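Enquirer: In full-length UniProt numbering, the protein residues as written are 1 to 388. Below is the structure I would like to discuss, written out as structure tokens.
Shown next as structure tokens:
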């Protein structure tokens with residue numbers, strides 16, 4: 001018995017060292033025998049696997065495309081992750097902590113800002129298990145909102161294997177007069193009362209522009225007009241505003257919120273083939289006042305040689321992987337995933353056409369995927385859960 005236990009522990013130590021960026025390695029190992037299958041399928045192994053490797057790897061790109069007559073939310077694995085069916089009539093709003101947030105879309109050609117008032121049903125999708133949860137939005141200004149999905153243990157969870165646990169969905173929207181934020185808790189199965197802040201009449205913004213960013217205990221959104229940043233304190237449920245760097249008020253390229261190396265607020269902007277990254281830094285002794293500092297300039301024509309086809313190439317950044325060195329880019333030749341540290345470049349798909357700026361961003365699906373072989377061998381399928 002002691003020898004068998006020792007052998008099991010040795011096998012587990014070996015399996016822990018298989019690369020998380022290639023989930024098929026664990027799947028093949030689990031098929032060797034029942035003992036190995038039990039090791040890989042155990043919850044304790046999943047936890048240790050995440051702790052051993054640190055930050056979850058990016059194993060898929062998630063983005064929207066124009067499907068001709070319908071919008072399509074696409075999930076494209078970068079590694080040996082099981083394929084998932086495209087979601088027709090849906091659009092990706094956010095992706096974080098092993099979950100994807102989807103919203104329903106009308107047929108292509110209909111104006112999102114002039115649709116009849118009706119309930120909006122969001123989907124929170126877990127690609128690892130293919131489960132979905134349906135959430136009915138509270139009343140909002142028609143279709144003018146953006147949202148984020150995140151683990152409910154923000155601040156206490158290490159997010160190494162939390163995709164199956166409780167989650168939050170934070171929705172921010174405008175009605176030309178105020179900005180309002182609602183939070184949905186899967187544990188309470190209910191939406192919070194809204195937090196609001198009055199909009200400056202000079203902004204007159206009716207929509208959120210960029211995907212939300214989760215940094216620390218705060219969530220950030222960017223308004224479409226005026227380039228004002230909306231900060232929502234998740235703990236205190238307080239909304240405040242931050243001005244972007246002055247040089248970006250007339251920026252010609254896209255401006256995206258990004259996470260800094262130390263987990264704070266940053267902004268990225270493309271000018272030609274240069275990617276400029278700004279960090280928000282608190283001034284010492286300023287009682288919470290901050291300033292923007294340009295920290296990095298990345299020459300994209302050297303990072304993405306396969307994407308450039310001469311001076312006519314149009315390049316843009318359409319997403320980042322939070323907590324990673326992953327850049328998601330769009331160029332004449334198509335869409336690309338770039339790992340800055342290794343220089344690896346992977347073409348994700350052909351260049352896509354989307355008519356709305358809010359549908360252009362791409363997202364990194366990051367997760368430690370270990371095969372749930374128990375469910376697989378029993379033939380259990382995906383689950384859909386509805387919630388009010």
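C-beta atoms are modelled at their ideal positions from N, C-alpha and C, and glycine is treated no differently. Source: prediction; values computed, not measured.
Residue 174 by DSSP, collapsed to three states: which one?
Expert: The residue you call residue 174 lines up with position 174 of the chain shown. Strand at residue 174.
Enquirer: Spatial neighbours of residue 78 within its chain, please: C-beta separation below 7 angstroms, excluding the five flanking residues on both sides.
Expert: As a working note, residue 78 is residue 78 in the chain shown. Once the five neighbours on either side are set aside, the close Cβ partners of residue 78 are 58, 59, 60, 61, 337, 346.
Enquirer: Between residue 202 and the rest of its own chain, which residues show a CB-CB distance below 6 angstroms, the 5 nearest in sequence each way excluded?
Expert: Residue 202 sits at position 202 when you count from the first residue of the chain shown. At residue 202, the pLDDT of 47 sits below 50, so the modelled position is not reliable; the number obtained from the coordinates is stated separately. Same-chain partners within the cutoff: there are none.
Enquirer: Does the beta-carbon of residue 331 have 16 or more other beta-carbons within 10 angstroms, so that it is buried, or is it exposed?
Expert: Here residue 331 refers to the residue found at position 331 when the chain shown is read from its first residue. So residue 331 counts as buried.
Enquirer: Starting from residue 35, trace the alpha helix (DSSP H) both ways and give me its first and last residue.
Expert: One-based indexing of the chain shown puts residue 35 at position 35. From DSSP, the alpha helix (DSSP H) with residue 35 extends over 34–41.
Enquirer: Using 9 angstroms as the limit for Cβ to Cβ distance, is residue 101 near chain D?
Expert: Going by chain labels, chain D is absent from the structure shown, which holds only one protein chain.
Enquirer: Indicate the three-state DSSP secondary structure (helix, strand or coil) for residue 61 in the structure shown.
Expert: The residue given as residue 61 occupies position 61 in the chain shown. Strand.
Enquirer: Tell me which residue opens and which closes the alpha helix (DSSP H) that residue 283 is part of.
Expert: Within the chain shown, numbered from 1, the residue matching residue 283 stands at position 283. No alpha helix (DSSP H) contains residue 283, which DSSP labels as neither H nor E.
Enquirer: Can you list, in chain order, the residues of its chain whose CB lies under 8 angstroms from that of residue 194, leaving out five sequence neighbours each side?
Expert: Counting from one through the chain shown, the residue named residue 194 turns up at place 194. Answer for residue 194: 138, 180, 181, 182, listed in chain order.
Enquirer: Among 8, 186, 171, 127, which one has its Cα closest to the Cα of residue 81?
Expert: In the chain shown, the residue the question calls residue 81 occupies position 81. For the residues 8, 186, 171, 127, the minimum Cα distance to residue 81 belongs to 127.
Enquirer: If I'm right that residue 170 touches residue 365 with Cβ under 8 angstroms, what's the distance once you round it to whole angstroms?
Expert: The residue given as residue 170 occupies position 170 in the chain shown. The residue given as residue 365 occupies position 365 in the chain shown. Incorrect: roughly 19 angstroms between the Cβ atoms, too far for contact.
Enquirer: Within 10 Å of its beta-carbon, does residue 238 have 16 or more other beta-carbons around it, so buried, or fewer, so exposed?
Expert: On the chain shown, residue 238 is found 238 positions in, with the first residue counted as 1. Counting Cβ neighbours within 10 Å, residue 238 comes out exposed, since fewer than 16 surround it.
Enquirer: Three or more C-beta pairs closer than 8 angstroms, one from the segment 80–94 and one from the segment 19–37: is that the case here?
Expert: Judged by Cβ distances under 8 angstroms, the segment 80–94 makes contact with the segment 19–37, as three or more pairs qualify.
Enquirer: So, residue 66 versus residue 90, is the Cβ gap smaller than 9 angstroms?
Expert: Along the chain shown, one-based indexing puts residue 66 at 66. Along the chain shown, one-based indexing puts residue 90 at 90. Not closer than 9 angstroms, so no.
Enquirer: Kindly give me the distance between the Cβ atoms of residue 8 and residue 35, rounded to whole angstroms, as I take these residues to be in contact under 8 angstroms.
Expert: In the chain shown, the residue the question calls residue 8 occupies position 8. In the chain shown, the residue the question calls residue 35 occupies position 35. Contact flag correct, Cβ pair sits at about 7 angstroms.
Enquirer: Kindly indicate which residue of 69, 359, 64 has the alpha-carbon position closest to the one of residue 75.
Expert: Here residue 75 corresponds to residue number 75 of the chain shown, with the count starting at 1. The residue with the shortest Cα to Cα distance from residue 75 is 64.
Enquirer: In chain order, what residues of the same chain have a beta carbon less than 7 angstroms from the beta carbon of residue 150, not counting five sequence neighbours either side?
Expert: Your numbering for residue 150 matches position 150 in the chain shown. Here the set comprises 96, 97, 167, 168, 214.
Enquirer: From this set, 148, 33, 51, which residue's C-alpha is nearest residue 17's C-alpha?
Expert: Taking the chain shown and counting its residues from 1, one reaches residue 17 at position 17. When each option's Cα is compared against that of residue 17, the closest is 51.
Enquirer: Terminal residues of the continuous alpha helix (DSSP H) containing residue 70?
Expert: Here the question's residue 70 lines up with position 70 in the chain shown. Taken as a continuous stretch (DSSP letters only), residue 70 belongs to no alpha helix (DSSP H), as it is neither H nor E.
Enquirer: Using CA coordinates, which residue listed in 68, 105, 94 is at the minimum distance from residue 322?
Expert: Reading the chain shown from its first residue, position 322 is the one you call residue 322. Among 68, 105, 94, the Cα nearest to that of residue 322 belongs to 94.
Enquirer: Answer with buried or exposed for residue 247, where buried requires no fewer than 16 other C-beta atoms within 10 angstroms of its C-beta.
Expert: Against the chain shown, residue 247 aligns to sequence position 247. By the neighbour-count rule (16 or more Cβ atoms within 10 Å), residue 247 is not buried but exposed.
Enquirer: Can the beta-carbon of residue 256 be found less than 9 angstroms from the beta-carbon of residue 317?
Expert: Indexing the chain shown from 1 puts residue 256 at position 256. Indexing the chain shown from 1 puts residue 317 at position 317. Contact: yes.
Enquirer: Below 9 angstroms between beta carbons: does that hold for residue 361 and residue 211?
Expert: By 1-based counting over the chain shown, the position of residue 361 is 361. By 1-based counting over the chain shown, the position of residue 211 is 211. Yes, the Cβ-Cβ distance between residue 361 and residue 211 is below 9 angstroms.
Enquirer: For residue 294, which residues of its own chain have a beta-carbon under 7 angstroms away from its beta-carbon, when the five flanking residues on both sides are left out?
Expert: Residue 294 sits at position 294 when you count from the first residue of the chain shown. Correct list, in chain order: 276, 278.
Enquirer: To the nearest whole angstrom, what separates the beta carbons of residue 56 and residue 368, a pair I think is in contact under 8 angstroms?
Expert: Locating residue 56 in the chain shown gives position 56, where the first residue counts as 1. Locating residue 368 in the chain shown gives position 368, where the first residue counts as 1. So it is a contact: roughly 5 angstroms between Cβ atoms.
Enquirer: From the DSSP output, in three-state form, read off residue 14 for me.
Expert: By one-based count along the chain shown, residue 14 stands at place 14. Reduced to three states, the DSSP call for residue 14 is helix.
Enquirer: Between the C-alpha atoms of residue 69 and residue 176, what's the straight-line distance to the nearest angstrom?
Expert: Sequence index remark: in the chain shown, residue 69 carries index 69 (1-based). Sequence index remark: in the chain shown, residue 176 carries index 176 (1-based). C-alpha separation (whole angstroms): 31 angstroms.
Enquirer: Residue 15 to residue 44, Cα distance in whole Å?
Expert: Along the chain shown, read from residue 1 onward, the residue named residue 15 stands at position 15. Along the chain shown, read from residue 1 onward, the residue named residue 44 stands at position 44. About 13 angstroms.
Enquirer: With DSSP run on the structure shown, which of helix, strand or coil describes residue 306?
Expert: As a first step, residue 306 is located in the chain shown; it is residue number 306 there, counting from the start. Note that residue 306 has pLDDT 49, beneath the 50 cutoff, so the model's placement of it is unreliable and no number is given.
Enquirer: Rounded to whole angstroms, what is the Cα-Cα separation between residue 134 and residue 222?
Expert: Stepping through the chain shown from its first residue, residue 134 is reached at position 134. Stepping through the chain shown from its first residue, residue 222 is reached at position 222. Computed Cα separation, rounded: 26 angstroms.
Enquirer: By how many angstroms is the C-alpha of residue 118 removed from the C-alpha of residue 19?
Expert: Locating residue 19 in the chain shown gives position 19, counting from the first residue. Locating residue 118 in the chain shown gives position 118, counting from the first residue. About 46 angstroms.
Enquirer: Using CA atoms only, rank isn't needed, just tell me which of 157, 216, 152, 198 is closest to residue 188.
Expert: The residue given as residue 188 occupies position 188 in the chain shown. That would be 152, whose Cα lies nearest to the Cα of residue 188.
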